[in-house]
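Residue numbers (our numbering): 2 to 376.
Idealized CB from N, CA, C, for every residue including glycine.
Input: a single structure, listed below in structure tokens.
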């Protein structure tokens with residue numbers, strides 16, 4: 002018995018040593034933060050940028066952005082359209098990069114991402130996320146273990162990735178779509194309650210070191226639910242930017258307001274109470290977005306989780322308006338639309354977070370320096 006345990010311990014030790022040598026780390030940070038954040042970057046550089054380019058071209062009548070540059074299998078593509086079409090490969094490569102894949106594994110993820118996204122349908126981004134992680138780690142396991150690495154590594158990575166895409170991308174996509182549709186359906190049926198929940202949860206995710214954009218894309222969060230998500234993200238970014246102005250001045254206002262509220266995470270760990278004002282602001286602006294202004298985000302779903310980062314959330318809302326007008330769903334962009342967008346995304350988050358912060362400062366829950374950024 003003792004000898005058997007000793008052998009098992011030796012084998013376990015060798016396995017851990019092998020995984021360490023291959024840089025395969027099974028951790029929440031590696032898969033839940035690094036990979037998810039990379040997924041959002043892949044989405045941003047393809048689907049989101051492509052959508053923005055198409056919108057700019059259409060609205061400002063820029064010829065080279067609206068011109069058809071390629072026709073593939075009967076489908077016409079503009080520059081933005083081609084960028085958006087590469088979302089699957091981009092997500093896969095971004096995830097592989099975050100997982101420190103060697104070159105042959107990294108480049109082999111291109112067809113894997115394409116397959117997973119195509120088969121995954123509306124929930125394609127989530128399918129790519131899951132399958133790219135597995136294919137990456139399998140590719141890393143065999144990388145440089147044979148004398149014919151140039152054949153073995155790509156073949157293993159592609160077979161595992163496309164094989165899994167064939168088996169599970171469809172169900173993953175359907176599951177993600179079902180969850181997203183349930184959230185969107187619930188938001189239309191219970192706009193007040195769901196406005197609060199979606200706004201607060203997605204807003205919190207935006208400030209946490211995970212990707213709210215990737216979550217919104219994975220669930221294809223659009224419509225009223227997408228509008229609530231935009232509200233929550235803006236409450237966090239604008240809220241932290243304004244309430245910390247006395248500590249961080251203009252640099253902090255820009256860094257958080259059009260950068261990311263994630264910069265406040267070290268301060269949140271030190272004093273979680275500084276998170277109360279923007280969360281309360283999101284709880285208020287979320288239902289106002291869904292119930293009063295009927296704010297819908299019908300652009301690229303990834304935009305719903307971006308907030309005021311580069312004003313991507315607002316561009317997404319505007320793109321949705323344009324799409325709705327083109328489809329006959331919306332007659333025109335009204336003054337109420339613009340007022341609602343300004344109030345939900347900028348004015349109310351700033352005023353509410355500042356007021357709540359002022360109260361907490363008077364209570365002594367937030368002290369001078371608690372919101373100071375180390376940048």
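TODO: May I have the straight-line CA-CA distance separating residue 40 from residue 14, to the nearest angstrom?
DONE: 32 Å
Task: Run of the beta strand (DSSP E) containing residue 1, from where it starts to where it stops - done: Residue 1 is absent from the model: the chain starts at 2 and stops at 376.
- [ ] Alpha carbon to alpha carbon, how far is residue 362 from residue 79? Give it in angstroms, no decimals.
- [x] 52 Å
Open item on the list: Taking its Cβ as the centre, do 16 or more other Cβ atoms sit within 10 Å of residue 225, making it buried, or is it exposed?
Closed with: buried
Task: residue 115 versus residue 87: straight-line alpha-carbon distance, rounded - done: 8 Å
TODO: Could you check which residue in 230, 132, 334 has the C-alpha nearest to that of residue 97?
DONE: 132
Task: Of the listed residues 119, 262, 16, nearest to residue 310 (C-alpha basis) - done: 262
Task: Where residue 259 falls: helix, strand or coil (DSSP) - done: coil
Open item on the list: Between residue 58 and chain D, is any beta-carbon pair separated by less than 8 Å?
Closed with: In the structure shown, chain D does not exist; there is a single protein chain.
TODO: Please determine, among 171, 44, 297, 23, the residue with the shortest C-alpha to C-alpha distance to residue 341.
DONE: 297
Task: Whole-number beta carbon distance between residue 290 and residue 228, since they are thought to touch under 8 Å - done: 5 Å
Open item on the list: In whole angstroms, give me the CA-to-CA distance for residue 128 and residue 104.
Closed with: 22 Å
Open item on the list: Using DSSP's beta-bridge definition, name the partner residues of residue 298.
Closed with: 224
Open item on the list: Which same chain residues end up closer than 7 Å to residue 107 when comparing Cβ atoms and leaving out the 5 residues on each side of it in sequence?
Closed with: 94, 97, 98
Open item on the list: Here's the rule: buried if 16 or more other CB atoms are within 10 angstroms of the residue's CB, otherwise exposed. What is residue 138?
Closed with: buried
Task: Within 8 Å, strictly: CB atoms of residue 31 and residue 100 - done: yes
Task: Backbone CA spacing between residue 178 and residue 207 [nearest angstrom] - done: 21 Å
Open item on the list: Three or more C-beta pairs under 8 Å: does that hold for the stretch 273 to 291 against the stretch 342 to 359?
Closed with: yes
Task: Candidates 260, 194, 144, 48: closest to residue 235 by CA position - done: 260
TODO: Could you tell me the boundaries of the beta strand (DSSP E) in which residue 277 lies?
DONE: Residue 277 -> not in any beta strand (DSSP E); alpha helix (DSSP H) instead, spanning 277 to 288.
Task: Test item: CB-CB of residue 126 and residue 219 under 8 Å - done: yes
Open item on the list: I need the DSSP call for residue 123, collapsed to helix, strand or coil.
Closed with: helix
Task: residue 47 - partner residues in DSSP beta bridges - done: DSSP output for residue 47 lists no bridge partner at all.
TODO: With DSSP as the reference, label residue 309 as helix, strand or coil.
DONE: coil
- [ ] Throw me the rounded Cβ distance for the residue 377 and residue 35 pair, which I believe falls under 8 Å.
- [x] A question about residue 377 goes unanswered here, because the residues of the chain that appear run from 2 up to 376.
TODO: May I have a chain-ordered list of the alpha helix (DSSP H) segments no shorter than 4 residues that lie completely inside the stretch 325 to 351?
DONE: 336 to 343
Task: 8 Å Cβ cutoff met for residue 196 and residue 287 - done: yes
Open item on the list: Let's test the definition: count the other Cβ atoms within 10 Å of the Cβ of residue 168 and tell me whether it reaches 16, buried, or not, exposed.
Closed with: exposed
Open item on the list: Whole angstroms are fine: how far does the CA of residue 217 sit from the CA of residue 37?
Closed with: 12 Å
Task: Of the listed residues 171, 46, 295, 306, nearest to residue 322 (C-alpha basis) - done: 295
Task: Residues of its chain near residue 326, where Cβ-Cβ distance is below 8 Å and the 5 sequence neighbours each way are ignored - done: 332, 333, 334
Task: Euclidean distance between Cα positions of residue 136 and residue 338 - done: 44 Å
Task: Terminal residues of the alpha helix (DSSP H) in which residue 94 lies - done: 88 to 99
Task: Cβ pair residue 223, residue 190 closer than 8 Å - done: no
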